[in-house]
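Heads up, the sequence shown is in our numbering, so the first residue is 1 and it goes up one at a time.
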Amino acid sequence: MAEHEDELRRFVPQLLYDSQETYFADSAAEWTNNPANVLRREPQTGKDPVILASATPGEREEKLTLDFLGEVSYANGARAHPGDQISDAPPDYREQYARLRSPRYANVIYARAATDRESLLWLQYWFWYFYNDERLAFDIGAHEGDWEMIQLRLAGEGGTPDLAVYAQHARAERRPWDLVARATGRPETPLVYVGRGSHASYFEPGLHVTDVWYSIVDGARPAPAARLEFLDDLPWARWPGRWGGTPKRIAAVDQDSPVAPCRHSQWHDPAALLDRAVEHALRAPDAAPDGIRLARDDGYLVLAWDLARERPGARAIIVNVNSADEPGVAPRAYTFDVERSPRARLQTTIELDPAKHYELHVSVIDATGMPSTCRRVLIEPPAPGAFDLKTILRAIGRFVAWVRARRR
Numbered sequence: 001m002a003e004h005e006d007e008l009r010r011f012v013p014q015l016l017y018d019s020q021e022t023y024f025a026d027s028a029a030e031w032t033n034n035p036a037n038v039l040r041r042e043p044q045t046g047k048d049p050v051i052l053a054s055a056t057p058g059e060r061e062e063k064l065t066l067d068f069l070g071e072v073s074y075a076n077g078a079r080a081h082p083g084d085q086i087s088d089a090p091p092d093y094r095e096q097y098a099r100l101r102s103p104r105y106a107n108v109i110y111a112r113a114a115t116d117r118e119s120l121l122w123l124q125y126w127f128w129y130f131y132n133d134e135r136l137a138f139d140i141g142a143h144e145g146d147w148e149m150i151q152l153r154l155a156g157e158g159g160t161p162d163l164a165v166y167a168q169h170a171r172a173e174r175r176p177w178d179l180v181a182r183a184t185g186r187p188e189t190p191l192v193y194v195g196r197g198s199h200a201s202y203f204e205p206g207l208h209v210t211d212v213w214y215s216i217v218d219g220a221r222p223a224p225a226a227r228l229e230f231l232d233d234l235p236w237a238r239w240p241g242r243w244g245g246t247p248k249r250i251a252a253v254d255q256d257s258p259v260a261p262c263r264h265s266q267w268h269d270p271a272a273l274l275d276r277a278v279e280h281a282l283r284a285p286d287a288a289p290d291g292i293r294l295a296r297d298d299g300y301l302v303l304a305w306d307l308a309r310e311r312p313g314a315r316a317i318i319v320n321v322n323s324a325d326e327p328g329v330a331p332r333a334y335t336f337d338v339e340r341s342p343r344a345r346l347q348t349t350i351e352l353d354p355a356k357h358y359e360l361h362v363s364v365i366d367a368t369g370m371p372s373t374c375r376r377v378l379i380e381p382p383a384p385g386a387f388d389l390k391t392i393l394r395a396i397g398r399f400v401a402w403v404r405a406r407r408r
């Protein structure tokens with residue numbers, strides 16, 4: 001029995017996903033057992049990677065599983081190094097995940113109890129995600145593997161929490177327990193709103209903006225009852241390598257694929273996460289770049305920009321396209337190179353169904369490679385019975401062309 005198992009079961013959170021989320025908190029075995037993955041060690045310059053184990057091993061290869069991983073050494077006795085990584089998956093992550101996800105892996109929360117530097121007890125809940133699908137530009141932000149977590153401090157009366165801290169990448173947010181939303185009829189079950197794609201944990205739904213990052217979550221997709229597993233009983237939780245092979249592109253806004261839970265400072269001292277937590281996460285308004293216009297024209301996205309004066313040297317425009325009318329379709333990110341064209345109008349090949357509502361987010365990568373905060377743009381279908389002059393003129397033009405063709 002895990003230490004403080006009763007408390008860990010008592011306060012296990014309820015995860016609430018965005019309606020367009022495509023990756024969910026599951027067993028970490030989804031990653032080790034992915035047939036495309038290998039455990040590899042990057043060699044010195046000019047040499048091939050060393051394959052230490054494989055999910056689909058050859059004749060002389062070790063079988064990669066969670067049980068093969070260890071804090072100091074692997075199951076075959078080979079020493080584990082911090083530079084080792086589980087990766088090599090081809091880029092079709094969504095298709096891989098759809099094939100792998102099954103009741104065997106689905107809906108797992110990892111739990112452990114830990115004391116901080118002041119000997120206060122914390123309950124930690126860790127979540128594994130197959131892929132982080134949050135993209136800014138040039139695939140910045142997207143990476144293989146994703147470890148997220150929340151923690152509750154048990155310093156209230158009767159062994160109840162007095163404080164919750166939710167991790168949000170490089171930041172965290174804290175909130176007194178009496179202000180944490182709880183599940184209806186289950187006052188000991190905190191609600192965690194999971195950011196779409198990024199999987200950062202929030203206390204409420206909405207558009208959350210922190211520095212250059214933004215997360216969207218509507219909370220409309222509650223996770224089924226989770227299977228709880230206890231991390232202190234699992235040697236692989238202390239493995240020193242990386243759960244993925246994606247390197248960061250821009251240090252200020254990007255991340256490598258994650259390390260195991262034990263490699264995070266709050267594993268050893270939960271107060272370390274509290275130290276960098278803010279009372280309320282920064283909520284910036286929709287501060288959009290000036291001089292950018294988005295519209296739908298004849299079923300396609302039209303993008304126009306004039307950045308020469310206010311954003312000289314801008315490198316790219318990023319547009320994220322989402323639609324509540326497309327359930328199960330993940331948000332799509334598009335990058336437009338504007339470095340050589342500071343002023344232009346572009347009829348894109350991005351299809352926007354005239355009958356659907358769209359929510360777009362646009363930002364600019366400046367000359368230094370830093371993305372701006374995002375502007376939210378809603379594109380609505382025409383009201384019933386409304387007449388679009390441009391559509392009418394096109395129809396008239398087609399009719400005139402048809403009449404002329406008939407007269408020939």
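We treat Cβ as the ideally placed atom computed from N, Cα and C, and that holds for glycine.
Since the model is a prediction, treat every value here as computed from it, not as a measurement.
| For the 8 Å Cβ check, are there 3 or more pairs between the stretch 120-133 and the stretch 15-35? | yes
Notebook entry, point to check: Can you check whether the CB of GLU359 is closer than 9 Å to the CB of VAL377?
Noted result: yes
Please classify GLN347: does DSSP put it in a helix, a strand, or coil?
-> strand
(Q) Please return the same chain residues whose Cβ sits closer than 8 Å to the Cβ of PRO103, not counting the five positions on each side in sequence. (A) none
Item to check | Close beta carbons around PRO13, own chain, < 8 Å, minus the five adjacent residues each side | outcome: ILE109, TYR125, ILE150, THR189, PRO190, LEU191 and VAL192
- Query: Counting Cβ pairs closer than 8 Å, one from the stretch 296-304 and one from the stretch 335-355, do we hit at least three?
  - Reply: yes
Determine the burial state of LEU136: buried for a count of at least 16 other Cβ atoms within 10 Å of its Cβ, exposed for fewer.
Annotation note: pLDDT 48 at LEU136 (below 50); position unreliable, coordinate value reported separately. Buried, by the Cβ-count rule.
Could you tell me if ARG174 is buried or exposed, where buried requires 16 or more neighbouring beta carbons within 10 angstroms of its beta carbon? buried
When we look at the beta-carbon of PHE399 and count the other beta-carbons within 10 Å, is it buried (16 or more) or exposed?
exposed
>> Measuring CB atoms only, is the stretch 215-231 touching the stretch 29-41, in the sense that at least three cross pairs come out at less than 8 Å?
In response: no
Exercise for the section: Under 6 Å Cβ to Cβ from ARG293, same chain only, skipping five residues before and after it: list those, please. Expected result: ALA304
Within the chosen definition, does the stretch 234-246 reach the stretch 56-76 through at least 3 CB pairs nearer than 8 Å?
-> yes
State the start and end residues of the unbroken beta strand (DSSP E) segment that holds ALA113.
108-115
Item to complete: Use the C-beta contact count for GLU21: other C-beta atoms within 10 angstroms, 16 or more gives buried, fewer gives exposed.
Response: buried
Taking 9 Å as the threshold (C-beta atoms), are ILE365 and SER372 in contact?
yes
Closest by CA to HIS264, which one among TRP147, SER323, SER87 and LEU393? TRP147
I think LEU154 touches LEU121, with their Cβ atoms under 8 Å apart; what is that distance to the nearest whole Å?
-> 5 Å
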